[in-house]
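This report refers to the structure that appears directly beneath it.
Residue numbers (my numbering), protein chains in the order written: chain S, 55 to 176; chain C, 49 to 191.
Written as structure tokens, this is what we have:
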């Protein structure tokens, strides 16, 4: 699935890096603890989170994540948007809560990270 | 290339400086990309470096992150002046954290930092003296 499909399914608003919406999403991870994201995600993972600070962008950068969906309609501040733009990491906002966002994506075929927990051991 | 010919990068870290937290690891990652290290290896180095950097920002007063990049490996040494870790075995347990609530609200303090560094590295060592500071050494081979 492409990020553009994620945007349609979650009726999300793209905040930055519109040009990155053709990025392929292989799996997704819903979390508010960034270390958990780094442990459990693989590259090409989409992050769904309720956090809006700059560390979500850093985590996406370090973990080679494909993009970020902010749930429950949370909007990032200008410094977060600026950093995401400079790193080329697409960020979108959905008004849906975390559980429903994850459920919609899962129902539409996006895999979880459970088979990929050994990310760093491969 | 001579296997001992490396690039050495040094970054000063300041405890509590969350605005620039991650900047050093970001620079290290960019350099690894420029010299053409494999992307899955870069990811392991970047994650270890970022976790170690965040630990200094969260827990210590100040510290230094040093990356030595050789053709066949990257070595990270992160040394801080801070409270140290009284019980390293406990700190290495997944989920154990001493981070206060305001750190958790920022998305850190999951208790996965040290285990995550160990998981991502080929060689990992940690030495700490309570009341003085902590030194972490990480080695990751490029192939």
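Note that the Cβ used here is the ideal one computed from N, Cα and C, for glycine as well.
Note that the coordinates shown come from a computational prediction; the quantities given were computed from them, not determined experimentally.
Here residue 120 (chain S) carries a coil assignment [DSSP, helix/strand/coil]. Your pair residue 110 (chain S) and residue 159 (chain C) does not check out as a contact, with CB atoms roughly 19 Å apart and the cut at 8 Å. At least one CB of chain S lies nearer than 8 Å to the CB of residue 98 (chain C).
Beta-bridge partners of residue 58 (chain C) (DSSP): C:114.
Residue 174 (chain C) has C:184 as its beta-bridge partners, per DSSP.
Assignment of beta-bridge partners to residue 56 (chain S) by DSSP yields S:78. Nearest Cα to residue 143 (chain C) within the set C:162, C:134, C:151 and C:135: C:162.
Taking the Cα of residue 149 (chain S) as reference, the smallest distance to any Cα among S:100, S:129 and S:70 is reached at S:129. At a C-beta separation below 9 Å, residue 109 (chain S) has these neighbours in chain C: 66, 69, 70, 102, 154, 155 and 156. Across the segment 126–156 of chain S, CB contacts with chain C closer than 9 Å involve 133 and 141, in sequence order along the chain. In the structure shown, residue 125 (chain S) adopts coil according to DSSP, grouped into three states. With its beta carbon at least 8 Å from every one in chain C, residue 81 (chain S) lies outside the interface. Residue 112 (chain C) has its alpha-carbon roughly 12 Å from the corresponding atom of residue 130 (chain C). In terms of CA proximity to residue 67 (chain C), C:106 leads the group C:91, C:106, C:83 and C:52.
Considered as a whole, the segment 68–136 of chain C harbours 110–117 and 121–129 as its complete beta strand (DSSP E) runs of no fewer than 3 residues, in chain order. Per DSSP, residue 65 (chain S) has no beta-bridge partner at all.
Look at residue 101 (chain S): its C-beta is not under 8 Å from any C-beta on chain C. Residues of the segment 62–79 of chain S with a C-beta atom less than 7 Å from some C-beta of chain C do not occur. In the three-state DSSP reduction, residue 138 (chain C) falls in the helix class (H, G or I).
Between residue 88 (chain C) and residue 134 (chain S), the alpha-carbon positions lie close to 26 Å from each other.
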